[in-house]
Amino acid sequence: MNSRMNKKFLLLVLSGMLSFSAMAQTADENSLYVEPTNRTPEPFLFSVSTLTPDDHSWSLNYSSSYGKRSEDLFGYDGVGQQFALKGYLGHRFTLNVNAALGFQANQNVVSSQQVEVIRDIIGGKKASGLRLGVGLGLQRDFSNVTSALSRITASYEASRWNIGGNVLLEKAFVSYRDKIDILTSFGVQYRLFGNLHGGVEAVGEDLEGLWDPEEAEGGAKILVGPSLNLVPSESRFSFSLSGGPVMFASRSNETNPAAIRELPSQAGLMVRARIVFNLSGS
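Numbering (mature numbering (1 follows the signal peptide of the UniProt record, and there is no 0)), first residue to last: -24 to -1, 1 to 258.
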């Protein structure tokens, strides 16, 4: 049953990406299409990148993820749905806003929200080269717990290479959560041919569990897997797909499933896909 469901999900994601790609490449006369840039506002699935004056100013994206071994198929750690708005504010500032939906059996749909402002302190005046940024933000999780965020972003872009990574520190304003949650991500992509990039992404969540046996989100988790990014020519759309095995690096008896996390709360296979649409016409 689970095997058939996983195959159906993967086929749905792949067919959707192919159909969107075909639509983007063949309907040149449609108003949704612009001059080719061969870049996407968000090349990686698990890292937040900053924008530059070379980028389209605003973009909207939708991402969905599926964690194989989850307690509730449509729970927080089952199928994840997320919408995000990203914009360049000028002077090397990037705004990132997202909202996620959670579905629980026999319960109402709940949501989480997050907003961050990140500024490049090294680079950021053009897309190519090294960029290093720092940011602050706030989030409200599925149980209405508010947290303060501090993020460090790093990226390097060349004609055929994309490299990016984040370190995110989260401070939840409740007593039953960790003093500081540490989340990291890193990705490398190489242009394989045309506008298709391929590579690998790695994610580490709640890494404080490596030294704290009472870590409040079940322990430290990691994921390492392949990553694909497609930016069709003359299109406002771009597509990303990534995933791999989720493994525990440490275990804790404490859990907070309503906390905002990219990885499911149990070990197993995870797949995530994203569609990005550039709102700016030029």
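Each residue gets a CB set at the ideal place from its N, CA and C atoms; glycine is no exception.
Check your understanding: How many whole angstroms separate the CB atoms of Gly185 and Ser226, which I take to be in contact at a CB cut-off of 8 angstroms?
Key -> Contact check for Gly185 and Ser226: beta-carbon distance about 4 angstroms, within the 8 angstroms limit, so the pair qualifies.
Point to revise | Cβ-Cβ separation, Thr122 to Val143 (assumed contact under 8 angstroms), whole Å | key: Actually they do not touch by this definition, with Cβ atoms about 21 angstroms apart.
Exercise for review: With distances taken Cα to Cα, identify the nearest neighbour of Val252 among Gly244, Ser40, Ser214, Tyr152.
Suggested key: Considering only alpha carbons, the answer is Ser214.
Point to revise | Ser25 beta carbon less than 8 angstroms from that of Leu255 | key: Against a cut-off of 8 angstroms, the Cβ pair of Ser25 and Leu255 comes out as no contact.
Point to revise | Distance between beta carbons of Ser23 and Gly141, contact taken as under 8 angstroms | key: Going by Cβ atoms, the distance from Gly141 to Ser23 rounds to 6 angstroms, so yes, they are a contact pair.
Exercise for review: Please work out which residues of its chain come closer than 8 angstroms, Cβ to Cβ, to Trp137, disregarding the five sequence neighbours upstream and downstream, and give them in chain order.
Suggested key: If we look at Trp137 and ignore the five residues flanking it on each side, its Cβ neighbours are Val164, Gln165, Tyr166, Arg167.
Practice item. Output yes or no for whether 8 angstroms exceeds the beta carbon distance between Arg237 and Gly219. Key: With contacts defined by Cβ atoms closer than 8 angstroms, Arg237 and Gly219 do not form a contacting pair.
Review point. So what does DSSP say about Leu21, is it helix, strand or coil?
Key: Note: Leu21 maps to coil in three-state DSSP.
Exercise for review: Compare the Cα-Cα distances from Ser87 to each of Ser39, Arg116, Ser40 and report the closest residue.
Suggested key: For Ser87, the nearest C-alpha among the options comes from Arg116.
Check your understanding: Across which residues does DSSP place Ser131 in a beta bridge pair?
Key -> Answer by DSSP bridge pairing, in chain order: Arg107, Gly140.
Check your understanding: Got a sec? Which residues, its chain only, sit under 6 angstroms from Gly180 by beta carbon, not counting five neighbours each side?
Key -> Cβ-Cβ distances below 6 angstroms link Gly180 to Thr160, Ile198 in the same chain, with the five nearest sequence neighbours on each side left out; the list follows chain order.
**Study point:** Euclidean distance between Cα positions of Phe149 and Ala103
**Key:** Straight-line Cα distance between these residues: approximately 36 angstroms.
Review point. Which residue comes first and which comes last in the beta strand (DSSP E) that contains Asp157?
Key: Annotation: the continuous beta strand (DSSP E) that includes Asp157 extends over 157 to 169.
Practice item. Within its chain, find whatever has a CB closer than 6 angstroms to the CB of Leu183; leave out the 5 residues flanking it on each side and keep chain order. Key: Cβ neighbours of Leu183 beyond the five flanking positions: Ile158, Ala196.
Check your understanding: Quick one: Cα of Gly105 to Cα of Leu172, how far?
Key -> Roughly 20 angstroms separates the two Cα atoms.
Check your understanding: Assuming Leu112 contacts Ile98 under a Cβ cut-off of 8 angstroms, what Cβ separation, rounded to an integer in Å, is found between them?
Key -> Their Cβ separation, rounded to whole angstroms, is 18 angstroms, which puts Leu112 and Ile98 out of contact at 8 angstroms.
Practice item. Reducing DSSP to helix, strand and coil, say where Leu77 ends up. Key: It is a strand residue.
Point to revise | DSSP-derived helix/strand/coil call for Leu255 | key: Looking at Leu255 - three-state DSSP - the assignment turns out to be coil, as it is neither helix nor strand.
Exercise for review: Measure the C-alpha to C-alpha separation of Phe69 and Glu18 and round it to an integer number of angstroms.
Suggested key: Near 15 angstroms, if we compare the C-alpha coordinates of Glu18 and Phe69.
Exercise for review: Please report how far the alpha carbon of Thr28 lies from the alpha carbon of Asn229, in whole angstroms.
Suggested key: Straight-line Cα distance between these residues: approximately 43 angstroms.
Exercise for review: Please classify Tyr42: is it buried, with 16 or more other beta-carbons within 10 angstroms of its beta-carbon, or exposed?
Suggested key: Looking at its Cβ environment, which holds 16 or more other Cβ atoms inside 10 Å, Tyr42 is buried.
Review point. Closest to Phe59 by CA distance: which of Ser40, Leu65, Leu71 is it?
Key: Taking only the C-alpha atoms, the option nearest Phe59 is Ser40.
Review point. Exposed or buried, Asp120, counting other C-beta atoms within 10 Å across all chains shown (16 or more means buried)?
Key: The question names Asp, yet the displayed sequence has Asn at residue 120. By the neighbour-count rule (16 or more Cβ atoms within 10 Å), Asn120 is not buried but exposed.
Exercise for review: Could you check the C-alpha separation between Gly175 and Val85 for me, to the nearest Å?
Suggested key: Roughly 35 angstroms between the two C-alpha positions.
Exercise for review: Please report how far the alpha carbon of His32 lies from the alpha carbon of Val93, in whole angstroms.
Suggested key: C-alpha of His32 to C-alpha of Val93: approximately 17 angstroms in a straight line.
Review point. Of all the beta strand (DSSP E) runs that stay within the bounds of the region 205 to 240, which reach a length of 3 or more residues?
Key: Those beta strand (DSSP E) runs which fall completely within the region 205 to 240 and span 3+ residues are 213 to 224.
Exercise for review: Report the residue from Ile128, Asn232, Gly63, Arg212 whose alpha carbon sits nearest the alpha carbon of residue 313.
Suggested key: Residue 313 is absent from the model: the chain starts at -24 and stops at 258.
Point to revise | For Glu177 and Leu206, the rounded distance between their alpha carbons | key: Inter-residue distance for Leu206 and Glu177 is about 15 angstroms (C-alpha atoms, whole angstroms).
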